[in-house]
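Just so we're aligned, residue -1 is where the sequence shown starts under my numbering, counting upward by one. Glycine included, C-beta positions come from ideal geometry on N, C-alpha and C. All values reported here derive from a predicted model rather than from experimental measurement. Read through the structure below, which is laid out as structure tokens, and then see the notes.
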Amino acid sequence: MPSSYNLVFPVTGKQQPAEHALNVGEILFVLGANGTGKSSLLTKLYAPHAHSAKRIAAHRQTWFTSNVLNMTPHSRVSMEAEIRSQDSRIQSRHVQQYAEERTSVAIFDLIDAENVLARRISDLVRAGDVEGAKNAAEDPAPLARINKIMRAANLPIELALEDQQKVVARKNGGDSYSVAELSDGERNAFLIAADVLTAKSDTLIFIDEPERHLHRSIISPLLTLLFQARLDCAFVVSTHELMLPIDNPSANTLLVRSCHFQGSQPISWDADFLPAKAPVDEALKLDILGGREQIIFVEGTTQSLDAPLYSLLFPQISIIPKANCREVEYAVRGLRGAEGLHWVMAYGIVDNDQRDPGQIEKLRAAGIFALSHYSVEALYYHPTILKMVCDRIGKATGRDAATMYERAVIDAVPEANRQKEHFVSAAVERQARRRILSSLPSRKSIKENPHISIQVDVSELWDAEVRLFDDLVKNGDLEGLLTRYPLRESGALGAIAAAVGLVDRNTYEDTVRTMVQTEPKALAFLRGLFRGLANELGVAEAAKPGDALDAETETAK
-1 MPSSYNLVFP
9 VTGKQQPAEH
19 ALNVGEILFV
29 LGANGTGKSS
39 LLTKLYAPHA
49 HSAKRIAAHR
59 QTWFTSNVLN
69 MTPHSRVSME
79 AEIRSQDSRI
89 QSRHVQQYAE
99 ERTSVAIFDL
109 IDAENVLARR
119 ISDLVRAGDV
129 EGAKNAAEDP
139 APLARINKIM
149 RAANLPIELA
159 LEDQQKVVAR
169 KNGGDSYSVA
179 ELSDGERNAF
189 LIAADVLTAK
199 SDTLIFIDEP
209 ERHLHRSIIS
219 PLLTLLFQAR
229 LDCAFVVSTH
239 ELMLPIDNPS
249 ANTLLVRSCH
259 FQGSQPISWD
269 ADFLPAKAPV
279 DEALKLDILG
289 GREQIIFVEG
299 TTQSLDAPLY
309 SLLFPQISII
319 PKANCREVEY
329 AVRGLRGAEG
339 LHWVMAYGIV
349 DNDQRDPGQI
359 EKLRAAGIFA
369 LSHYSVEALY
379 YHPTILKMVC
389 DRIGKATGRD
399 AATMYERAVI
409 DAVPEANRQK
419 EHFVSAAVER
429 QARRRILSSL
439 PSRKSIKENP
449 HISIQVDVSE
459 LWDAEVRLFD
469 DLVKNGDLEG
479 LLTRYPLRES
489 GALGAIAAAV
499 GLVDRNTYED
509 TVRTMVQTEP
519 KALAFLRGLF
529 RGLANELGVA
539 EAAKPGDALD
549 AETETAK
């Protein structure tokens, strides 16, 4: 058998080879969602190598009627040829013949491997080579290896071979019972392990969706241990379990997006190739594998205000939340620093947090866009959006929209003013920190002047911030307050929701998201606040009515 297999990929994509040499000891994951054509692609890759390959399909029968050897060596060889032929046909992606015979082959190979080892040891003893027999006995038989792997994969069962060539199982030292009585997951794990461990050296092993009957806590360690046990084989694994490639960082990954058919025959696949040696850490690799060709990293979690709104504004882009602005910056810079090794273009959105223009421009040059206002809440409660909400509610209830808007501002500004000291002190603290950090000496200046002092006139900063805050309050400048301060830390946003007749902030924010989906002018306005991000993404800032209609599923990200 060959020590390297040439896999020809009938795929298109921005980052993919036309073919890939898969060496013995290497792993290729074919990753994609249900319906993207992974099984069909596996069949396409398997067919040219059927004579030296083995295919293990998750949709196969996972039960069997007997745990005894009910197949002769001759019938075993004939059946293997039939199975290889059937697995080379495109229909094998959804129809599997010889279901019961496949499990019989697995049992035959397992028992045969045990018998071969026993005969080898017996022959050495008869020949007087006691030392050789001892050495041979130290080489674990497949059942012993399966037991070790199953225990490590969180399946505490022990398999053994009893009289009359029966394979039995035990739990916690209890009585033995037939392996036919194992649970679905235990049987599937047993059959996968048996097929892999009894394969001949240099076999190209295809495993199709191994997670189908197994929990992630089982299948991940199970596969990893099997890979380690069979470094003399090559593996191609089809899966939609994102963590399997992450748990095996030395593996290459082919990300399959869709399949193209000519009649009923699949002819090509949209896919991208992510090499194992790409200098991208595990967390970012997960983002790539789970993302589309464009990703926007945002602050917060899937439950915060950021991701649901941004998913509606950019429905064709993957929105991936990160804990904070530092994590967003790290993710974007990490992916952009390795652009030649993956297909993803990464962007970031972070809160303004009173950044100065220089900081904002520096971030933008790195693909990270700071909001025009203090934080994401400002997008929901921006005066323009607030007016649109008032118009929407006014049409539904007959209330005067202008009066609602005026009441909302009148009620919100005093609530913000109640937190004046908190907002001012936080703003002054940021400015003082920024001035101190910008004044830190360089190595050269330290050598030239060993006595360096840094002074910040906090009272001057305080007085200036108080004047600014008072002017915004005096003028009823809701937008100015949203731009400068985190009004979520006051009662201002709740006051706005109450003024327009909504139960609470959550109801108001749900109304805004609904409006973004149904009113193109709201979508266009909010996209326009992102300082050119929409243009870089190739998304029109002037929205079309259908842009947001397919966005509902994105809000779950």
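Closest residue to residue i among the options (Cα-Cα distance)
i, options, result
"A194", "I155, P264, A104", "Before going further, note that residue 194 is Val rather than Ala in the sequence given. The residue with the shortest Cα to Cα distance from V194 is A104."
"G33", "P264, R511, Y506, G392", "P264"
"V426", "M402, H47, R465, A51", "R465"
"W341", "E291, G332, P306", "E291"
"L307", "A414, T509, I366", "T509"
"E80", "S451, L108, H49", "H49"
"R210", "E463, A31, L333, G526", "A31"
"F436", "D469, L479, D354", "It is worth fixing the name first, because residue 436 is Ser in this sequence and not Phe. The residue with the shortest Cα to Cα distance from S436 is D354."
"I450", "P439, E458, F528", "P439"
"D268", "L39, A232, L159", "L39"
Residue i, DSSP secondary structure in three states
i, result
"I452", "coil"
"G346", "strand"
"Q352", "coil"
"Y372", "coil"
"A227", "helix"
"P543", "With a pLDDT of 34 at P543, under the threshold of 50, the predicted position of this residue should be treated as unreliable, though the coordinate-derived value follows. Looking at P543 - three-state DSSP - the assignment turns out to be coil, as it is neither helix nor strand."
"F106", "helix"
"F207", "For the record, residue 207 in the displayed sequence is Glu; it is not Phe. Looking at E207 - three-state DSSP - the assignment turns out to be coil, as it is neither helix nor strand."
"S1", "coil"
"Y379", "helix"
"F528", "coil"
"V9", "strand"
Beta carbon proximity, residue i to chain B, threshold 8 Å
i, result
"N21", "In the structure shown, chain B cannot be found, because there is only a single protein chain."
With 16 other Cβ atoms within 10 Å as the buried cut-off, status of residue i
i, result
"F225", "buried"
"I494", "buried"
"I444", "exposed"
"K42", "buried"
"F259", "exposed"
"I408", "exposed"
"K442", "exposed"
"D182", "exposed"
"Y175", "exposed"
"K320", "buried"
"I452", "exposed"
"T551", "For T551, the predicted structure reports a pLDDT of 30, less than 50, and the residue's modelled location is therefore unreliable. A value from the coordinates is still provided. That one is exposed."
"N186", "buried"
"D545", "Because the pLDDT at D545 is just 36, under 50, the model does not fix this residue reliably, and the value given afterwards should be weighed accordingly. That one is buried."
"H420", "exposed"
"P140", "buried"
"F7", "buried"
"I383", "buried"
"T395", "exposed"
"E297", "buried"
"K275", "exposed"
"D85", "buried"
Range covered by the beta strand (DSSP E) that runs through residue i
i, result
"S309", "Taken as a continuous stretch (DSSP letters only), S309 belongs to no beta strand (DSSP E), being part of the alpha helix (DSSP H) at 304 to 311."
"P264", "263 to 272"
"T34", "Neither: T34 is in no beta strand (DSSP E) and is coded neither H nor E."
"Q84", "Not the beta strand (DSSP E): Q84 falls in the alpha helix (DSSP H), residues 71 to 85."
"L253", "250 to 260"
"S199", "Run containing S199: none; DSSP gives neither H nor E here."
Continuous alpha helix (DSSP H) stretch holding residue i: start and end
i, result
"A191", "182 to 195"
"S316", "Element bounds for S316: not the alpha helix (DSSP H) but the beta strand (DSSP E), 316 to 320."
"A133", "Here residue 133 turns out to be Asn, not Ala, going by the sequence shown. Where N133 is concerned, the enclosing alpha helix (DSSP H) stretches over 128 to 136."
"T509", "503 to 516"
"K418", "418 to 436"
"N473", "Here N473 belongs to no alpha helix (DSSP H), and DSSP marks it neither H nor E."
"E179", "Counting along the chain, E179 falls outside any alpha helix (DSSP H), and DSSP gives it neither H nor E."
Nearest-angstrom Cα separation, counted from residue j out to residue i
i, j, result
"A430", "V454", "7 Å"
"E534", "N145", "55 Å"
"I318", "A532", "17 Å"
"G392", "S373", "28 Å"
"H72", "E136", "30 Å"
"S256", "R149", "37 Å"
"R405", "I244", "53 Å"
"L212", "I147", "15 Å"
"E375", "Y483", "11 Å"
"S218", "L29", "14 Å"
"K542", "A305", "Because the pLDDT of K542 is 39, which lies under 50, any placement of that residue in the model is unreliable, and the question is left without a value."
"N350", "G499", "30 Å"
"L303", "V422", "25 Å"
"V348", "I358", "10 Å"
"A116", "R168", "22 Å"
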